[in-house]
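In what follows, a single structure is set out as C-alpha cells and then discussed.
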Amino acid sequence: INIHELYQCDVMKYVNEFMSQVRTREPPKNVANECRFQEIQLIQDPQYRRLASTINFELALEIFNAFHGDCFDEESRFRKCAETLRRHLDALNDRVRCEVQGYINYAIDNVLAGVRYERVQGDGPRVKEISEKHSVFMVYFTHTGTQGKSLTEIEADMYTKAGEFFMAHNGWVMGYSDPLRDFAEEQPGRANVYLKRELISWGDSVKLRFGRRPEDSSYLWQHMTEYVQTTARIFDGVRLDNCHSTPLHVAEYLLDAARKINPELYVVAELFTNSDYTDNVFVNRLGITSLIREALSAWDSHEQGRLVYRYGGVPVGGFQANSSRHEATSVAHALFLDLTHDNPSPVEKRSVYDLLPSAALVSMACCATGSNRGYDELVPHHVSFHSL
42 INIHELYQCD VMKYVNEFMS QVRTREPPKN VANECRFQEI QLIQDPQYRR LASTINFELA
102 LEIFNAFHGD CFDEESRFRK CAETLRRHLD ALNDRVRCEV QGYINYAIDN VLAGVRYERV
162 QGDGPRVKEI SEKHSVFMVY FTHTGTQGKS LTEIEADMYT KAGEFFMAHN GWVMGYSDPL
222 RDFAEEQPGR ANVYLKRELI SWGDSVKLRF GRRPEDSSYL WQHMTEYVQT TARIFDGVRL
282 DNCHSTPLHV AEYLLDAARK INPELYVVAE LFTNSDYTDN VFVNRLGITS LIREALSAWD
342 SHEQGRLVYR YGGVPVGGFQ ANSSRHEATS VAHALFLDLT HDNPSPVEKR SVYDLLPSAA
402 LVSMACCATG SNRGYDELVP HHVSFHSL
C-alpha cells in the first residue's frame, strides 16, 4: 500500500513547475551553491494525501535557478537547474522511504510479538479461536460504510465527509515516553504509536477527538459534561481509568464540571507514568485524591515491604524522632490494593499462601486501602470483566 507516499512529494510536478517559472524570470546572478540545498525540506501535507507533501517553492526557485559554468546557453542551464532540483527532491523522498520502512519493520516486530503473547506464550491468554471477535492481529481502526469497496475506494473516502467515520481505537502504550502528551494527536516527525503498532488497543472503544477547547467539538464536550455530572450526582467518588491516556486539559474540564455538582468528590486515578514528578503534575492539575497502587506489582517480599512503607508512611508503633525535624518529601496519597481487576490471581502469580499475609500487610499501611471481589474467596484464576 506504499505508506511512504503519504509523506512524499510529487517530484515531477515541482520539476515541471520549476521549468515553467524559470523561463519567465530574468537570468540569475548567483552561482549554484550546494550548501543551500538543505534549506529545501519536505512540508507534510496536513491531510496525508499521497505525494502531496510540499516544499517552499519560492525558496527553491531562488536556490536552484542559478548560474552553472558548464552551461553555454539558457536552455541547457534550465535543464541543468531542473535536474539538480529533481535529484534533491528524489533524495528527500528516498530518505522518507527508508525512514518509514524502518517504522514498518518495527511495526511487524510488534505485531508478531503481540500474536506470540496472545496465542503461544505460557504467561499469555493462549487464545485458540480465530474469528471476527478474536482476530489474529490487534484491531486498530473501525470504519463504517466500506462494505464491498476496494482499498482504493476506501482510501478516497478518507478525504471526504465519509472520513468522519474512520475511527482509531483507544488503548495504552507500554513505556510511553510522555504521558502528558495525547498519544493520538499528531506527533513530531513521521512516527506515531499507530504506525509503529506500539498501542495495545482496546477493541471495544475508540479514541475521542476532543480538540483543545469545547468549541472544537461542542457536542462531545457537552455530552461528556452531562455524563460526569450525572455520575457525580449519584456517586461519592469516581475512578479515572487509564488516567495517563486521557488528555490532561479534558480531564481538568470534566472534573471541574463534576465538582460543581459534588465539591467533595473522591477522585481515584489509575496512573502509570514511572515518574513521581509526572504523577504530581496529574495530582495537582486534576485534584486527584488517591492514586491506585498495586501490591501485586511487588516481585519479592522485600519489595512488598518497601511498597507498604512507601505508601503507608511511618509504621504503626514506630518510634518517632524529635517533634522538630526537617520536612520530609512525600509521595502522592495512595489507594493501596491487594488486588485490582486487572491483576491475575495471586494463586497464579505467587501462591495460595500469599493471599492472607499480603492482605494483612496492605491493611497495615497508613493510607487508603482496598481489594477486589474474588480475593477473599481465594479464587484461583483471573476474573476478567472483558470476557463476561
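42 is the number of the first residue of the sequence shown in this note's numbering; add one for each residue after it.
Backbone N, C-alpha and C define an ideal beta-carbon position, used for all residues, glycine too.
- Query: Is Leu47 near the ligand GDP, going by C-beta to nearest heavy atom under 6 Å?
  - Reply: Judged by which ligands are present, the structure shown has none, so any question about the ligand GDP falls away.
* How is the beta strand (DSSP E) around Phe377 delimited, first residue to last? -> 375-378
Worksheet item: DSSP state of Arg167, grouped into three classes?
Response: coil
Requested in this report: List the endpoints of the continuous beta strand (DSSP E) containing Val388.
Outcome: Counting along the chain, Val388 falls outside any beta strand (DSSP E), though it belongs to the alpha helix (DSSP H) covering 387-390.
- [ ] Take the Cβ of Asn134 as the centre, count every other Cβ of all protein chains shown within 10 Å, and call the residue buried at 16 or more, exposed below.
- [x] buried
Quiz item: Terminal residues of the continuous beta strand (DSSP E) containing Trp213?
Solution: 207-214
Shortest alpha-carbon distance to Glu75 belongs to which of Ser117, Leu126, Ile302, Arg66? Leu126
Give a yes or no on whether the C-beta atoms belonging to Gly204 and Trp243 are separated by under 7 Å.
-> no
* Asked: Between which two residues does the beta strand (DSSP E) carrying Glu335 extend?
  -> 331-335
Three-state secondary structure (DSSP) at His45? helix
**Message:** What does the Cβ neighbour count give for Cys50, buried or exposed, with the cut at 16 atoms within 10 Å?
**Reply:** buried
Spatial distance of Ala93 from Tyr48 (CA atoms):
8 Å
Note to self: Quick check on Trp262: does DSSP put it in helix, strand or coil?
What the structure shows: helix
ask   = What is the residue span of the alpha helix (DSSP H) that Ala154 lies within?
value = 115-160
### Message
Counting C-beta neighbours from all protein chains within 10 Å, is the total for Thr331 16 or more, i.e. buried, or is it exposed?
### Response
For the sequence presented, residue 331 should be read as Ser rather than Thr. Answer is buried; the Cβ neighbour count reaches 16.
Counting only the same chain and skipping the five closest in sequence on each side, list residues whose C-beta sits under 7 Å from that of Asn384. Glu335, Leu337
Q) Just how far apart, CA to CA, sit His210 and Glu115? A) 56 Å
| With a Cβ-Cβ cutoff of 7 Å, do Val141 and His45 count as a contact? | yes
Once DSSP output is grouped into helix, strand and coil, what is the label at Asp219? coil
Can you tell me the Cα-Cα spacing of Ser399 and Ala373, whole angstroms?
22 Å
Pick from Gln270, Asp86, Val308 that is closest to Gly278, judged by C-alpha positions: Val308
How would you call Trp340, buried or exposed, if buried means at least 16 neighbouring beta carbons within 10 angstroms?
exposed
(message) Classify Asp245: buried if its beta carbon has 16 or more other beta carbons within 10 angstroms, exposed otherwise.
(response) exposed
- Nearest-angstrom Cα distance between Gly328 and Pro288? 15 Å
**Asked** Short check: CB of Thr193 to CB of Phe206, under 7 Å?
**Response** no
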